[in-house]
């Protein structure tokens, strides 16, 4: 597959856990994504939440869209290397990332093929 690849990452947080999930996401994952944009692996990263409670389908409450440079960039796994550089307290980072995923009821990824 040539050209950029867009993937939508959907998250459904457990009741009462949304704010904690967002805090952990912003502290531990967002900087890694931003670093990958700076490196050129990712072309764009955006985060969305529904504007209104119950807006549309109620099966997600956080959406992150990532546009990878190409399919090869999607298959690269540089997160651990970047995390080691950005978060010297590796044990704390790993514990907080485990906690972030414990707060989820569901999570799924949807790679998209554009059909003009």
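In this note's numbering, the protein residues as written are 341 to 456. Ideal Cβ positions, reconstructed from N, Cα and C, are used throughout, including at glycine.
Helix, strand or coil at residue i according to DSSP, with G and I counted as helix
{"i": "residue 391", "result": "coil"}
{"i": "residue 413", "result": "helix"}
{"i": "residue 371", "result": "helix"}
{"i": "residue 357", "result": "coil"}
Residue i and residue j closer than 9 Å at C-beta
{"i": "residue 352", "j": "residue 411", "result": "no"}
{"i": "residue 404", "j": "residue 382", "result": "no"}
{"i": "residue 360", "j": "residue 438", "result": "no"}
{"i": "residue 433", "j": "residue 427", "result": "yes"}
{"i": "residue 402", "j": "residue 391", "result": "no"}
{"i": "residue 375", "j": "residue 422", "result": "yes"}
{"i": "residue 344", "j": "residue 408", "result": "yes"}
{"i": "residue 463", "j": "residue 414", "result": "Residue 463 lies beyond the residue range present for the chain, which begins at 341 and ends at 456; the question has no answer from this structure."}
{"i": "residue 436", "j": "residue 367", "result": "yes"}
{"i": "residue 446", "j": "residue 350", "result": "yes"}
Nearest-angstrom Cβ-Cβ length linking residue i and residue j, presumed shorter than 8 Å
{"i": "residue 449", "j": "residue 347", "result": "6 Å"}
{"i": "residue 389", "j": "residue 377", "result": "That belief does not hold up - the Cβ atoms of residue 389 and residue 377 are roughly 20 Å apart, past 8 Å."}
{"i": "residue 443", "j": "residue 379", "result": "Actually they do not touch by this definition, with Cβ atoms about 28 Å apart."}
Residues sharing a beta bridge with residue i, DSSP
{"i": "residue 521", "result": "The chain is shown only over 341 to 456; residue 521 falls outside these bounds and no answer can be derived."}
{"i": "residue 384", "result": "407"}
{"i": "residue 446", "result": "352"}
{"i": "residue 402", "result": "351"}
Along the chain, which unbroken stretches of the alpha helix (DSSP H) at least 4 residues long are found entirely within the segment 418 to 444? 419 to 426, 430 to 442
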